[in-house]
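The structure appears right after this line, and notes come after that.
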Amino acid sequence: MKEMELRGLLDSMTLREKLGQLTQLTPEYFGFNESDVVTGTDALHPVSEEDAANVGTVLNICEKEKVMKIQREYLKRNRHGIPLLFMADVIHGFRTIFPIPLAIASSFDPSFAEKAASYAANEATAEGVKVTFSPMVDLTRDPRWGRVMEGNGEDPYLNTLFAKAYVKGYQKDNLSNPSSIASCVKHFAAYGAPLGGREYNGVELSDWTLHESYFPGYKAAIDAKASMVMAAFNTIGEKPATGNKSLLKNTLREKWGFDGVLISDYNAVNELIVHKAARNKKDAAKQVIKATLDIEMMSTCILDEAEELIRTREIDINLINESVYRILKLKSDLGLFENPYIGMENTAPSSDLSLEVAKACPILLKNEDSILPLNRSEKIAIIGPFAKDTHVVGGWSMKEKEGKSLYDGMRKLSDSIKTCIDTPLGSLLEGIKDIPDFSDKELEDNLQGIDTVLVAVGENQNDTGEGASKTSLTLSYNQMKLIKEAKKLGKKVITIVFSGRPMVLSPIVDDSDAILQAWFLGTSSGDALAELIYGISSPRGKCPMSFPVNEGQIPVFYNHCITGRPEDKNNFTRYVSRYLDAPNEPLFPFGFGLTYGNNSIKSFKIEGNILHILVKNKGKHRCTDTIQIYIEEHNEPYARPSRLLKKIRNIELGDGESRSVAITLTKEMFLINEYGNKRFQPGIFRIYAGFDSNAEHSVEIELTNEEFSKLEEV
Ligand code: GLC
2 MKEMELRGLL
12 DSMTLREKLG
22 QLTQLTPEYF
32 GFNESDVVTG
42 TDALHPVSEE
52 DAANVGTVLN
62 ICEKEKVMKI
72 QREYLKRNRH
82 GIPLLFMADV
92 IHGFRTIFPI
102 PLAIASSFDP
112 SFAEKAASYA
122 ANEATAEGVK
132 VTFSPMVDLT
142 RDPRWGRVME
152 GNGEDPYLNT
162 LFAKAYVKGY
172 QKDNLSNPSS
182 IASCVKHFAA
192 YGAPLGGREY
202 NGVELSDWTL
212 HESYFPGYKA
222 AIDAKASMVM
232 AAFNTIGEKP
242 ATGNKSLLKN
252 TLREKWGFDG
262 VLISDYNAVN
272 ELIVHKAARN
282 KKDAAKQVIK
292 ATLDIEMMST
302 CILDEAEELI
312 RTREIDINLI
322 NESVYRILKL
332 KSDLGLFENP
342 YIGMENTAPS
352 SDLSLEVAKA
362 CPILLKNEDS
372 ILPLNRSEKI
382 AIIGPFAKDT
392 HVVGGWSMKE
402 KEGKSLYDGM
412 RKLSDSIKTC
422 IDTPLGSLLE
432 GIKDIPDFSD
442 KELEDNLQGI
452 DTVLVAVGEN
462 QNDTGEGASK
472 TSLTLSYNQM
482 KLIKEAKKLG
492 KKVITIVFSG
502 RPMVLSPIVD
512 DSDAILQAWF
522 LGTSSGDALA
532 ELIYGISSPR
542 GKCPMSFPVN
552 EGQIPVFYNH
562 CITGRPEDKN
572 NFTRYVSRYL
582 DAPNEPLFPF
592 GFGLTYGNNS
602 IKSFKIEGNI
612 LHILVKNKGK
622 HRCTDTIQIY
632 IEEHNEPYAR
642 PSRLLKKIRN
652 IELGDGESRS
662 VAITLTKEMF
672 LINEYGNKRF
682 QPGIFRIYAG
692 FDSNAEHSVE
702 IELTNEEFSK
712 LEEV
């Protein structure tokens, strides 16, 4: 519909009808006894039959038949024939489940995110879902927080690359494309930095850090034309984001130019009262309407209180009209007015994309004496709770909770495999803290004649995602005992870690000859891992978050400032920035990940504004690796991180192959984000190239304003 038609429709609506459009409810309000996916408290606020007939959007219905039924009945009752808009958490797949987003970030290849998002959009729109609450781009430096699995890790630059890729994959060329799904970027803002890593806890960040590290992911999604933004549950400083006018109206809309639909998180408007940031529902409604929030998810402060606020002139009706207009425009852009069932006539095409993506995510953290890849003829054992467990899809995986187990994947490629001591790990949420105990003799008897053992360990997928913060990140006692006892028996031990976050692997690193971080890889999990373990493909994953030595180091991340008293490894003195009982460095740093190749940088130089990097694979295995470019700059009067990632380049190298890679310097690489304003300061810059954040090869350049002005923008 054209703007004039939408404005005409808006003018013909009653205030109750308008307030209905500003409300999102779950299927319980539409005659179903539960949502297809439950994502919040079951506190249902009472809604009249008349108001339910005017509600604008539905949360978490994921079945075609239900969407058709609800839409059909709704359109019969809605006076204007305004179609319902179905929204859901299509986070890493819909029916086909892809690796968790943190795993996809490990690929350091945003094209996988774009392809996975497009594939998920095909499946979701074929069943009537036309908005996804994705991508989640909350920067994360604290693996105690369960939702790190949903994000892209600790680096602002990598976060922006993936944010753009997801939005592009979901929304495709145009929102009116029947298989396009509108992208709702979340959670604005900085939900990923809760104090103590404790879910929903307050966030205390300087304005500088917000702009330089936490905002870029959201801004990148908005610049990529994300249709919606979800406000975060948390406070930033003294105010909850949900009612924060400065954050939502001034920054998001006025400074960044976002004119799409802004939605609250689940019951978050009502929770302003619990935060003690609002006296009552009326006060909460007033705050969020003034902050230009458009849709209230799963609470009814606006629905119940806005009429009084308008009558008493505490709220300008134009704020309500603008919100309703944005929602009607989104429905129009999606083509719902012309066809409320758009896309549902399609059958989503299927492919083995989930396997292709899953193979790119695992991180080879250790590979002593190149014990991996294995020979398929070698007789091996798979032990541990994730040997046969199919619950390997991770949190936020819609209704599908299972994928291919490691054992099922491995035995497709080899018949020389046995499993034992493989009882799945229960969930902490059910009070189960460990796998059943076992005797050393039981293990020894079971491993008779076996030289190589895969130990499949980790955390229960239900103990990751929302509401899953932890203070201990080590493997459970008996899982660690499996690794240690297998080593004591003189076996070659390959530890495979299934988790939604970087776990503390220090206690098992010495007893493991190899460690493969498997994450939760979704539908094709077992097949992907088997192909990597047997060398059909080489692992290529890189750490998107630092893996801490212990919980005491957290938050530990590579792009930290060096302080006025940085530690000098060669000169032990007391008064430096250091721990007495642990190193400053993580166990595995950001950007780190081995391959089956043996890649090194043979030369690194700069000619004009082009970096030339000569790379050689001295290994015997084709592989893909990621060249990472970091820049160290000075921008007085600000203290600056030791270095910042500015470019990545994925390259494939055959065994023995050398390749020269050219990377052009761009303006973007030398700008700092000064409270939201990009600034260049001429001076000396040191540029590092390598395969992780400890890159050592470097060149130093001096950039004047004139030289900077000649660089390409991006
Ligand atoms: C949840 C999550 C949010 C999700 C929403 C709807 O509480 O915080 O990420 O999109 O509810 O399910």
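Residue numbers (the numbering used here): 2 to 715. Quick reminder that beta carbons are idealized off the backbone N, C-alpha and C, glycines included.
Under the three-state DSSP convention, the category residue i falls into
i      : result
Ala121 : helix
Ala194 : coil
Gln25  : strand
Leu60  : strand
Gln449 : coil
Lys617 : strand
Leu474 : coil
Phe113 : helix
His188 : strand
Tyr639 : strand
Met546 : coil
Thr564 : coil
Ile664 : strand
His93  : coil
Ser177 : coil
Met504 : coil
Met5   : helix
Lys603 : strand
Lys419 : strand
Gly609 : coil
Arg680 : strand
Lys220 : helix
Under 9 angstroms between C-beta atoms of residue i and residue j
i      : j      : result
Ala225 : Lys187 : no
Ser107 : Gln462 : no
Arg148 : Ala194 : no
Gly598 : Ser694 : no
Phe189 : Leu248 : yes
Ala292 : Gly244 : yes
Gly1   : Ser470 : This structure gives no information on residue 1, because the portion of the chain shown stretches from 2 to 715.
Asn741 : Lys711 : With the chain running from 2 to 715 in the structure shown, residue 741 is simply not present.
Thr126 : Gly344 : yes
Glu445 : Ile422 : no
Thr27  : Leu76  : no
Val262 : Ser300 : no
Ile182 : Val358 : no
Leu474 : Pro386 : no
Nearest-angstrom Cα separation, counted from residue j out to residue i
i      : j      : result
Asn235 : Ile418 : 48 angstroms
Asn55  : Glu18  : 5 angstroms
Lys493 : Ala529 : 22 angstroms
Arg502 : Thr465 : 8 angstroms
Ala53  : Asn319 : 23 angstroms
Ser440 : Asp512 : 18 angstroms
Tyr408 : Asn376 : 16 angstroms
Ala233 : Gly129 : 26 angstroms
Glu714 : Tyr158 : 15 angstroms
Pro100 : Leu373 : 22 angstroms
Thr453 : Lys434 : 27 angstroms
Ala487 : Gln449 : 11 angstroms
Thr161 : Arg579 : 31 angstroms
Leu16  : Glu297 : 16 angstroms
Arg312 : Tyr171 : 41 angstroms
Pick from the options that is closest to residue i, judged by C-alpha positions
i      : options                           : result
Ile630 : Phe589, Ser578, Lys711 and Arg687 : Arg687
Gln72  : Ile555, Glu697, Thr475 and Pro84  : Pro84
Arg80  : Cys63, Glu51, Lys70 and Val68     : Glu51
Ala382 : Pro350, Glu357 and Ile497         : Ile497
Glu315 : Ser112, Lys283, Tyr267 and Lys606 : Lys283
Tyr576 : Leu704, Val132, Pro584 and Gly565 : Gly565
Lys169 : Asn160, Ser184 and Asp156         : Ser184
Ser500 : Gly491, Val394 and Pro540         : Val394
Asp317 : Pro341, Ser526, Gln288 and Gly620 : Gln288
Asn706 : Phe671, His698, Phe216 and Ile321 : Phe671
Counterpart residues of residue i in DSSP-defined beta bridges
i      : result
Pro241 : Thr236
Gln629 : Ile649 and Gly691
Leu595 : Leu365
Glu346 : The partner list for Glu346 (beta bridge, DSSP) is empty, contrary to what the question assumes.
Ile534 : Paired residues: none, contrary to the question.
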